[in-house]
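Here is the structure we will look at, set down as C-alpha cells.
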Amino acid sequence: PINSGEKIALTLEVWGAQGGGGYNSTRERNGIGGKGGKTTTIYKIEEKNILYIVVGGKGNSVSSSSGGYNGGGNNEGRCYGNSTGNGGSGGGATHISTVNGLLSNDNVRNNIIIVAGGGGGGGEVEGYTGGYGGGKNNNGGKGIENSSSGGNGGEQNKGGDCLKPDGKTKWEEKYCLSGSAGIGGNTTNALKSGYWCGGAGGGGWYGGASGGCGKANYGAGGGGSGYCKSGLVCEGENGVREGNGYAKISW
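Position in the sequence shown (from 1) plus 228 gives the number in the working numbering.
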C-alpha cells in the first residue's frame, strides 16, 4: 500500500505483439509477421492512482480473420480468384494508460503513458516479412515488398500511408489501406485472379498501412509506432517481441 502523500517509482515495460504470418497451401514457407516493439519508462504514482494495461494480441494467418487485439489490421480474405493463400493480419499494440480502453479511443489517447507498436502481417509469399513494431517514440518499420508496395509504418503524428517511393502519388485502395490512430490498415482484395496477397498493418500509437495485393505490386504490412508521454524518460527497441504482447510493472 501507498501512504497518503507518498509517491512510488514504478518501472513500466510493454511489448507489442507480432503480426500474423501469410499463408499459401501450395508453399512450405510464407511471409513472417513482423515482431513487436518494446517501450520502458519510470513512472511515479501516489495513493488512489490506477493504471490500466491493455496487451496486444498476435495477428492471425487464417483467411478473413480479425487483427490482433488492440488495433491490429484485419485480414479481409483471399485475393479474388486466389483460393490458395492470404496475407497475415496485424499484431496489436500494448499500452499503459490512466484510462481504461483500447488505443483507438480518444480518451485513452489523451491519458496515455507508454505504447509499444505491433508488427505488420506477413505477405503470402516467402520473404515478405511484416514491418517491425516501434518502441519508445519510434516509427514502425516498412513491410518487405515487391515493386515498392510494402506497407509504410505508423509515425508519431499519422498512420502509415500508401505513398509510393516518389512521396507524391498513392497506391490505389485495391493495393493498400492506410493506418490510423491506434489501428493498422486492413488487407485488400486484388481485382483479378492470380494476384499475391499482402499483409495487414500493425496496431500502435499510429497503425501501419497494409501491404500491396497484386500481380506485380505486393508486400507485407507496416508496423505500428511506439509512444512515450511527454516529460517521461523512455527507452525502446524495435521489433523484439514474438507472439502475443506483454506488460510488466516492477518497483
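We put the beta carbon where it would ideally sit given N, CA and C, even for glycine.
- Ranked by how close their Cα comes to the Cα of I260, the residues G247, T268, T254, I270 have G247 in first place.
- In this structure G295 is in contact with S317, their Cβ atoms being roughly 4 Å apart against a cut-off of 8 Å.
- Excluding the 5 residues flanking it on each side, T267 has same chain C-beta neighbours closer than 7 Å at V242, I342, V343, A344, G363, K364, G454, C456, C462, G464, in chain order.
- In terms of CA proximity to S292, C425 leads the group S458, C425, G435, G467.
- According to the DSSP assignment, N335 belongs to the alpha helix (DSSP H) that extends over 334-337.
- The three-state reading of DSSP puts E463 in strand, counting E and B together.
- Counted as a single uninterrupted DSSP element, the stretch harbouring L330 is not any beta strand (DSSP E), since DSSP gives it neither H nor E.
- Short of 7 Å from the beta carbon of Y360, and not among the five residues preceding or following it, lie these beta carbons of its own chain, in chain order: G262, K263, G265, G347, G368, G369, G451, N466, G467.
- When DSSP states are grouped into helix, strand and coil, A437 belongs to the coil group.
- DSSP places Y356 in the coil class of the three-state scheme, outside both helix and strand.
- For a cut-off of 8 Å, the C-beta gap from V283 to G471 is around 11 Å, too long to register as a contact.
- Residue state for V283 is assigned as coil, using DSSP reduced to three classes.
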